[in-house]
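Here's the structure we're looking at; comments come further down.
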Amino acid sequence: MERIGQYTIIQELQQLNAKLNLWLAENDEGEIYEVLSIAKNQPYDRMVERLLRNEVKPLINREIPGFQKIVDTGIDDKAQCYFVVYENTDGQSLEEVYESANMHDLKEICKGLNELKMEKRENYIISPRYMVVNAQKKLKTRYAGLYELFKFENLLEKEYLAPNVVEWLSDTTRPRPNFQDDIYALIKSFEVHIHNTYYIGYELNKILQTALAAKRTDRLAKYHILMELLEQLPIETPELLNLNYNEIIKVQTQAEHEAEFQELVNSMNENAWFLVENKRSNGQEQITGRFSTNEWHGRFFVDERGYIFIPFNGCRHEKHDRIISNDRAFLAEFAFTTQDSNFDCVDFFTEKFEAHNSLAELNKSKNHKVKIWQTLPEQEIRFIEENAFSANFNHRENTHGDNIKFYLENASKQDWHKIKNLKNEDLSLYYQDPNSEESKIGKILDYHPKENYLIIKDPLLSINAIESTGKLYENVIPETIPFKRQIEACNNFVTLDVENPALCSILATPETTAMPTQAYLASEEYDNFSDKLYNSNLKNDETQKEAVLEALNHKPVYLIQGPPGAGKTTVIVEIIRQLVERDKDVKILVSSQSNLAVDNVLEKLEELNQKEEAGLDYMRLASSHAMDNKNINASIVPNTYANKLKNWVTSTAERSTKDFSVRFADQEKHKIIVDFYEFYALLNQQNDWEKFQERLKKSQNYLKNLFAETRNFKDVQKILAKTLGSEFLTLKDLQRDWLALLGNTTKAKKNRPKLNNGSEEKEFLEAMLHESTIIGATCIHIASSQYKDLRFDYVIMDESSKAAPAETLVPINMGKNIVMIGDHKQLPPVVTREKDIKKWVKEELEDNGLDMDKTFGESLFEKLILAFEEDESKHNYIKMLDVQYRMPKQVGALISKYFYDGKLKNPETTVIPDYDRQKHHELPLKKDTSIVFYSTSKRKDPYDNNNKFKRQNNCNVQALKDLLTELNRAYSDNLTKAKPFTIGIIAGYRGQVELLKSSINLYHYENFVEVETPPDGTEKRNILIEINTVDKFQGAERDIIIYDVVRSSKSASNIGFLDDYRRINVAISRVKRLLFIVGDSEYLIKRATLNPTSKFTELKLKRITQELQEQGLVFHELKEVFQ
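Per our numbering, residue -17 is the first one in the sequence shown, and the count goes up by one each step.
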């Protein structure tokens, strides 16, 4: 091996075994490094990749006390190895030069381990063989983060391992090692040095006994306890005295306190925490702040002459926990003296001061970014309101019965155009009187611009309730609500009025905000997780399994990229099941921009409930508009709030009645008297004696005789109590009240009863929401005021890459932990096409050069995933699902090559042996292919109409008709299949979709029209062909996809928004069996160009067409395709 990555090998430093070698190497600039090579090996490649991503990369370029600095890591496919690059120590292992061991290095390693422990990182390779003494005689621990690998390769030195770790190596079901085992290994490595250096005494015995105890629970519980014990050891040799710290800072106080000040300085030399303030001191403009030791706390000032001044008279003789626990406080790594020192601390504290103030700048940057996000919805509202219909009337009169005619004042041509649209859309107008009182008035029956009047049919107000003058207007509040909710979410985000404020900095400034520390997921946790999976299919898909496990553990935000057909819904469902398994009281929100995406997840949960009795309690929340327009999946409707409440009321009432009948079976036999009691119970006992007498006269003789001697209701009550029993009467009254209360729960809101839990009253909706484990709702609907108090442990947001940043914040603000699923290689958020809105946004932000598509067309998901990819410490917070299960392998390979850098794989035959058969189109084509480019290049006039507002291509329409005719013939047996094949026709332009829908009668293709005849005899036809835009097809799939390119011209021209490869990706990745691309292949290859202002660097549709032509898959006639 001569080269690893970009590093040229100089010599071998250490051969650990046949697979792991440490080399001395140099980069192309001649800089010397140490490089550990790890041979690729199928059994553990996945583990190594996880270790590099989760444990090694977060430590790159960090100065960790006592540890060799990690510089780089990567994979060399040519050399078939992984590699980790370290700083060059130019030294020897401690095993070879043990006499170099010293107490300062022990303390430094202890500090480094403590720092890592605070990040929830533990388990390090600690033994003399794997420690190196560098040229400066400093000791460094090697191979940080590779503990699992060394364990796998049997490279851990057992003589330095704690007894429980040795046992764990042979039985990994036992508790895994923790930091106490690192302490054991560290002291064990220095044990000989400690014995040779110190006299046996109390402190030494305590260190050895508590650090090296055989039982882990008897060992030291914290690193700082070990550090304090080490500080108490007397130094026996004078040459060791100056090894404690490289830097010593001078500290001073008032002259009158110098004698007693020394005690504080001694305490500072044990441990001293500093908290720098963000403002300099008044007067002398010094950096200032507060400090605390284990025994003292007070204020400090950094003098420009290079020392620290501490006013002793302001100090307190006690530890200050709030200073120590502050996130910005740091533990000093230098010594302190009252004597002169050559270390100038001004630069050090200046750096800390500037870092603190940069955090303030970051916060300002975060707020500015959110302000930008909310500007678009603000201007959307402005546009809606300014373009809404509003006109004054100066006269009104009745016409044709109760209809009312309004004469408008100064109505413009634009006003009449709006009136026309309102009538066509069957929308109501509202009325505002001179006192600004507003009322809904009704819908437009007719209008006459020339006579300046419109007529309201069946008005909701009488003419007498309407003043002679006033205003008619369109109510756009429902239209503006989604944008108002986005603005509110932005404001809450800025003011940290959210469930988890820690998310705000991560989401707004992911480039600079560190993630909270997480517990390390060990290899056996990944391996053992297979046995905990509900869906066994995930066992064969490593990225799906890892995505689920990491989403459960890597908090508070985790990103899953789900390419087409990669099983993102499967992963979401498994995450939900695992969360419920871990905590039965967990609250989960499943959200998305679209109702369809929410329902796709809930539909899977419903299937599990039906098939496996999974008991996944969920509730679907939706607007009345969504319900009325049947935008909710039919299988989900029973789990909407209204239906769940109705079902609960019905079942509760039935159960109550049944339980009562069982308990009072004897009394219920006396139906005559029980029915009579129901009548009696409703009477007013003050005024209804005559009603009682009248009813008694018409009753059976049994009742007449029973109550013959009664003179008042008191007598009646005694007889009833004697006949039916007092308990029966009491509980019957309670039951009646209970059933009445239940009956009122589904009535108008003002009449609804409330539940009282003894301390507060709750609406039934609120109570049911709090009882439901899983809530499903769109991003915007969940912000409805009726859900304002809802909070969730997890928010799982699907199709995150399609939502604008402000829209994404709406559900995110409600969650403690966020799992975002999306794919920034597919459709982005839709940015307004309105020129006025774009202009207003730029004016508001005072930025005429603002890139609207970049600023608002890039989702928060994309911003995060790109930032996380750039920051190696965040790599373990993202996962790409890398196996697709939807498309034929030929299409999958094409998608992977052009849109996913070759990272998206097809299923292995060992996992799905008959995958090719499952995805076959079942047609005897002349060429064995799943992709056909049906070219219109040789047809007459293959060009589009060049209308940028309504682009259409008649030639392609005819080509599509011919293709559908051929498919209808070829699939003559389609309707006999257990599951007939479906066709999706996707066009790149809305104008073409309109033309296709108006030109093609889908009922003509009878083999793609299912006919059902229900019992009532009415024939129902279900068309298996759908025509729509790319946007409407995202998230959907069809057996056969026909993609209509539309675009074509005689001469060279830019291809417009088809240069956006994401649209092409979505269009052709919807296919399950057979893909047709219809268009002018010669135009795409020879004349199509990128838009001059395009943000894309290559025209991928051209490259795809070129490749298909090279493969002989471009056909000009259908007879070349079909047999």
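All C-beta atoms in this analysis are idealised placements derived from N, C-alpha and C, irrespective of residue type, glycine included.
Smallest Cα separation from residue i: which of the options?
{"i": "Gly839", "options": "Thr790, Trp822, Asp883", "result": "Thr790"}
{"i": "Val568", "options": "Arg1003, Ala117, Ile778", "result": "Ile778"}
{"i": "Val921", "options": "Asn253, Ala941, Ile913, Pro906", "result": "The sequence shown places Arg at residue 921, rather than the Val named in the question. That would be Ala941, whose Cα lies nearest to the Cα of Arg921."}
{"i": "Asp329", "options": "Ile231, Arg364, Asp833, Gly804", "result": "Ile231"}
{"i": "Cys327", "options": "Glu368, Phe282, His338, Asn349", "result": "Phe282"}
{"i": "Lys704", "options": "Leu688, Asn694, Asn308", "result": "Leu688"}
{"i": "Asn105", "options": "Val66, Thr551, Asn160, Glu77", "result": "Asn160"}
{"i": "Phe1015", "options": "Arg201, Ile1046, Ser109", "result": "Ile1046"}
{"i": "Leu984", "options": "Gln24, Leu957, Lys943, Phe850", "result": "Lys943"}
Measuring only between beta-carbons, confirm whether residue i sits less than 9 Å from chain C.
{"i": "Asp200", "result": "The question asks about chain C, but that chain is absent: this structure has only one protein chain."}
Give me, in chain order, the residues of the same chain whose beta-carbon lies closer than 8 Å to that of residue i; leave out the 5 immediate sequence neighbours on both sides.
{"i": "Tyr412", "result": "Glu420, Ser421, Lys422, Ile423, Leu454, Tyr455, Glu456, Asn457"}
{"i": "Ile618", "result": "Asp581, Leu584, Glu585, Glu588, Arg602, Gly758"}
{"i": "Asp1021", "result": "His903, Phe963, Thr964, Ile965, Val1053, Lys1054, Arg1055, Leu1056"}
{"i": "Gln236", "result": "Pro293, Phe294, Asn295"}
{"i": "Val247", "result": "Val233, Phe318, Thr319, Thr320"}
{"i": "Gln1091", "result": "Phe915, Ser1063, Ile1067"}
{"i": "Tyr68", "result": "Tyr15, Glu16, Val17, Leu18, Gln50, Lys51, Ile52, Val53, Arg124"}
{"i": "Thr1071", "result": "Ala1034, Ser1035, Asn1036, Ile1037, Leu1081"}
{"i": "Ile46", "result": "Gly94, Glu97, Leu98, Ala126"}
{"i": "Phe134", "result": "Tyr26, Met29, Ser505"}
Within its chain, find whatever has a CB closer than 6 Å to the CB of residue i; leave out the 5 residues flanking it on each side and keep chain order.
{"i": "Ala144", "result": "Asp163, Tyr166"}
{"i": "Thr1087", "result": "Ser1063, Leu1066, Ile1067"}
{"i": "Ser855", "result": "Pro40"}
{"i": "Asn70", "result": "Ile14, Tyr15, Glu16"}
Taking the straight line between their C-alpha atoms, what separation do you get for residue i and residue j?
{"i": "Met250", "j": "Phe316", "result": "10 Å"}
{"i": "Glu1089", "j": "Pro1074", "result": "24 Å"}
{"i": "Glu595", "j": "Lys514", "result": "18 Å"}
{"i": "Ala447", "j": "His377", "result": "14 Å"}
{"i": "Leu427", "j": "Asn417", "result": "27 Å"}
{"i": "Gly874", "j": "Glu532", "result": "26 Å"}
{"i": "Glu929", "j": "Leu848", "result": "In the sequence on display, residue 929 carries Asn and not Glu. Each residue's alpha carbon lies about 36 Å from the other."}
{"i": "Thr219", "j": "Ile176", "result": "Confidence at Thr219 is low in this model, with a pLDDT of 38, below 50, so the placement of that residue should be treated as unreliable; the coordinate-derived value is given next. Going from the Cα of Thr219 to the Cα of Ile176 covers about 12 Å."}
{"i": "Lys1077", "j": "Tyr880", "result": "17 Å"}
{"i": "Ile(-14)", "j": "Asn36", "result": "22 Å"}
{"i": "Met497", "j": "Leu716", "result": "56 Å"}
{"i": "Ser981", "j": "Ile968", "result": "15 Å"}
{"i": "Ile445", "j": "Ile438", "result": "11 Å"}
{"i": "Glu259", "j": "Pro793", "result": "35 Å"}
{"i": "Glu221", "j": "Ser505", "result": "Low confidence applies to Glu221: its pLDDT is 35, below 50, so where it sits in the model is not reliable enough to give any reading."}
{"i": "Ala663", "j": "His752", "result": "36 Å"}
{"i": "Ile800", "j": "Gln543", "result": "14 Å"}
{"i": "Ala785", "j": "Trp630", "result": "35 Å"}
{"i": "Leu949", "j": "Ser1051", "result": "20 Å"}
Can you check DSSP and say which residues form a bridge with residue i?
{"i": "Tyr455", "result": "Ser372, Tyr412"}
{"i": "His377", "result": "Tyr389"}
{"i": "Tyr15", "result": "Ala7, Glu69"}
{"i": "Asn1036", "result": "Thr1071"}
{"i": "Ser573", "result": "Ala759, Met779"}
{"i": "Gln(-4)", "result": "Leu4"}
{"i": "Gln234", "result": "Phe291"}
{"i": "Ala21", "result": "Cys63"}
{"i": "Met601", "result": "Ile757"}
Kindly list the residues whose CB is nearer than 7 Å to the CB of residue i, restricted to its own chain and excluding five residues on each side of it in sequence; keep chain order.
{"i": "Val893", "result": "Asn522"}
{"i": "Asn226", "result": "In this prediction, Asn226 scores a pLDDT of 43, lower than 50, which makes its location untrustworthy; no coordinate-derived value is stated."}
{"i": "Val476", "result": "Asn349, Val352"}
{"i": "Leu590", "result": "Ala596, Leu598"}
Extract the residue ranges of the beta strand (DSSP E) inside the region 947 to 1024, only unbroken runs of 3 or more that lie entirely within it.
965 to 969, 991 to 994, 1002 to 1005, 1007 to 1011
In chain order, which continuous runs of the beta strand (DSSP E) of length 3 or greater are located wholly inside the region 251 to 327?
254 to 258, 269 to 275, 279 to 284, 317 to 319
At 3 residues or longer, what runs of the beta strand (DSSP E) sit wholly inside the region 72 to 123?
113 to 115, 121 to 123
Report the residue ranges of all alpha helix (DSSP H) runs contained in full by the region 759 to 843; include only those spanning at least 4 residues, in chain order.
787 to 794, 817 to 826, 834 to 838
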